[in-house]
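K.L.:
This is the structure, below, for whatever I ask next.
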Amino acid sequence: MKKEDVILIAEDDKKHFELIRKNLLRAGICNKMVCLADGREILDFLFDMDKGREGGYNNQEYILLLDLSIPGVDGVEVLEKIKQDTNLKKIPVIILTAADNPDIIERCHKLGCSTYIVKPTKDEDFEKTIQKIGHFLTVVEITSIR
Numbered sequence: 590m591k592k593e594d595v596i597l598i599a600e601d602d603k604k605h606f607e608l609i610r611k612n613l614l615r616a617g618i619c620n621k622m623v624c625l626a627d628g629r630e631i632l633d634f635l636f637d638m639d640k641g642r643e644g645g646y647n648n649q650e651y652i653l654l655l656d657l658s659i660p661g662v663d664g665v666e667v668l669e670k671i672k673q674d675t676n677l678k679k680i681p682v683i684i685l686t687a688a689d690n691p692d693i694i695e696r697c698h699k700l701g702c703s704t705y706i707v708k709p710t711k712d713e714d715f716e717k718t719i720q721k722i723g724h725f726l727t728v729v730e731i732t733s734i735r
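According to the numbering used here, the sequence shown is numbered sequentially starting from 590.
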């Protein structure tokens with residue numbers, strides 16, 4: 590992962606966002622991190638529908654950490670819309686959610702998620718999981734979505 594790649598964190602729980610941010614930093618990830626709190630905000634950012642804020646393609650490389658249980662447009666629908674778009678489908682999407690339903694996991698993989706991680710319930714386990722994701726991100730290569 591290059592230092593200019595942007596990590597989009599789709600998380601409506603501020604505590605979880607801060608845990609993710611802090612533990613990615615601990616793992617050596619110093620990339621820009623953008624918190625998007627609901628499904629509509631994610632889609633607006635990526636499709637550049639909301640002209641008043643930063644977002645859209647702009648030849649940028651993104652990786653998305655997506656919680657499925659976000660308000661507004663749900664995470665599965667967000668994943669589906671991203672993977673149906675010719676350019677956006679290149680974005681690696683890591684599902685990071687509490688949902689451990691095998692049918693949902695299978696659906697997300699069929700839609701094209703890069704990986705599916707069930708959030709541990711204990712904070713210390715959650716922190717370790719995020720640090721492992723951070724270590725993984727240091728070796729990931731991301732392509733431009735244009």
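We put the beta carbon where it would ideally sit given N, CA and C, even for glycine.
Computed from a predicted structure; not experimentally measured.
When DSSP builds the beta bridges, which residues end up paired with M622?
P.N.:
I596
K.L.:
Please report how far the alpha carbon of P725 lies from the alpha carbon of M590, in whole angstroms.
P.N.:
Reading off the sequence shown, one finds Phe at residue 725, where the question assumed Pro. The alpha-carbon atoms of F725 and M590 are separated by roughly 9 Å.
K.L.:
So V662 and L625 are supposed to be a Cβ contact under 8 Å. How far apart are they, rounded?
P.N.:
At roughly 11 Å, the Cβ-Cβ gap does not stay under 8 Å, so V662 and L625 are not in contact.
K.L.:
Return the CA-CA distance between T732 and K621, expressed in angstroms with no decimal places.
P.N.:
So the two alpha carbons sit approximately 16 Å from each other.
K.L.:
Enumerate in chain order the residues of its own chain whose CB-to-CB distance from L655 is below 6 Å, with the five nearest sequence positions on each side excluded.
P.N.:
Excluding residues within five positions, the ones whose Cβ falls inside 6 Å are A599, G664, V682 and I684.
K.L.:
Determine the direct distance from the alpha carbon of L613 to that of K721, and round the result to whole angstroms.
P.N.:
9 Å
K.L.:
When you measure from the CB of M590 to every non-hydrogen atom of the ligand FAD, does any distance come out below 7 Å?
P.N.:
As presented, the structure is devoid of all ligands, the ligand FAD included, so that no description of it is given.
K.L.:
Quick check on this structure: which residue in K611, A687, P709 and G701 has the alpha carbon closest to the alpha carbon of V667?
P.N.:
The shortest Cα separation from V667 among K611, A687, P709 and G701 belongs to G701.
K.L.:
Go to I652, then tell me how far its beta strand (DSSP E) extends in each direction, as first and last residue.
P.N.:
Y651 to L655
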